[in-house]
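K.L.:
Have a look at the structure that comes next, please.
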Amino acid sequence: MKPIYLGVFLVLLMSCSTFYQDHVTLLEAPEFQKQISESDALQLIDVRTLKEFKEGAITGAVNMNLNDDDFQKQLATLDKEKPVYVYCRTGIRSKDATIIMAENGFEEIYELSGGYRSYKKD
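Going by mature numbering (1 follows the signal peptide of the UniProt record, and there is no 0), the letters in the sequence shown line up with residues -20 to -1, 1 to 102, in that order.
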């Protein structure tokens, strides 16, 4: 790869990472639980499948399956000005969801580290 292309690629990669970090905060389960219990103006989103959601979810969560074809349409129903708390089963899908949210203008996004599994342990 020519040095100029490599340089451009590295700059783009670093700017994407910085953009994500500016909008998404990763929280461990105890802090996530504390924040959602103390806030009135939050949106709690579970991005797992409906089946997973029905097997158990955090009280007050709304299910928006990341893998649904209309996931972005569902996101459009949220208020971009309010904090959004996001989780999945282990943290993989929630990371993908938070990237999509940040790209769509959500400013204050909190992701549960380790997902619902870590939340249930605490």
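Just so you know, even glycine gets a beta-carbon here, dropped at the ideal spot from N, CA and C.
Small disclaimer: the values here were computed from a predicted structure and weren't measured.
Do residue 75 and residue 91 have their C-beta atoms within less than 8 Å of each other?
P.N.:
Within the sequence shown, numbered from 1, the residue matching residue 75 stands at position 95. Within the sequence shown, numbered from 1, the residue matching residue 91 stands at position 111. It is a contact, given that the beta carbons lie within the stated cut-off.
K.L.:
Along the chain, where does the beta strand (DSSP E) that runs through residue 5 open and close?
P.N.:
Within the sequence shown, the letter at position 25 stands for residue 5. Looking at the DSSP string, the run of the beta strand (DSSP E) that includes residue 5 is 4 to 7.
K.L.:
Output needed for residue 30: all residues of its chain with C-beta closer than 8 Å, excluding positions within five of it in sequence on either side, in chain order.
P.N.:
Numbered from 1 along the sequence shown, position 50 holds the residue referred to as residue 30. So the qualifying residues of the chain are 43 and 45.
K.L.:
Pick helix, strand or coil for residue -6, following the three-state DSSP scheme.
P.N.:
Along the sequence shown, read from residue 1 onward, the residue named residue -6 stands at position 15. Low confidence applies to residue -6: its pLDDT is 48, below 50, so where it sits in the model is not reliable, and the reading given next is rough at best. Residue -6: helix per DSSP, three-state reduction.
K.L.:
For residue 78, count the other beta carbons within 10 Å of its own beta carbon; 16 or more makes it buried, fewer makes it exposed. Which is it?
P.N.:
What you label residue 78 is simply residue 98 of the sequence shown in a count that begins at 1. Flag for residue 78 reads buried.
K.L.:
Is the beta carbon of residue 70 sitting closer than 8 Å to the one on residue 97?
P.N.:
Stepping through the sequence shown from its first residue, residue 70 is reached at position 90. Stepping through the sequence shown from its first residue, residue 97 is reached at position 117. Yes.
K.L.:
So the candidates are 61, 52, 84 and 73; which of them puts its Cα closest to the Cα of residue 23?
P.N.:
For this step, residue 23 is matched to residue 43 along the sequence shown. Nearest option by C-alpha distance: 61.
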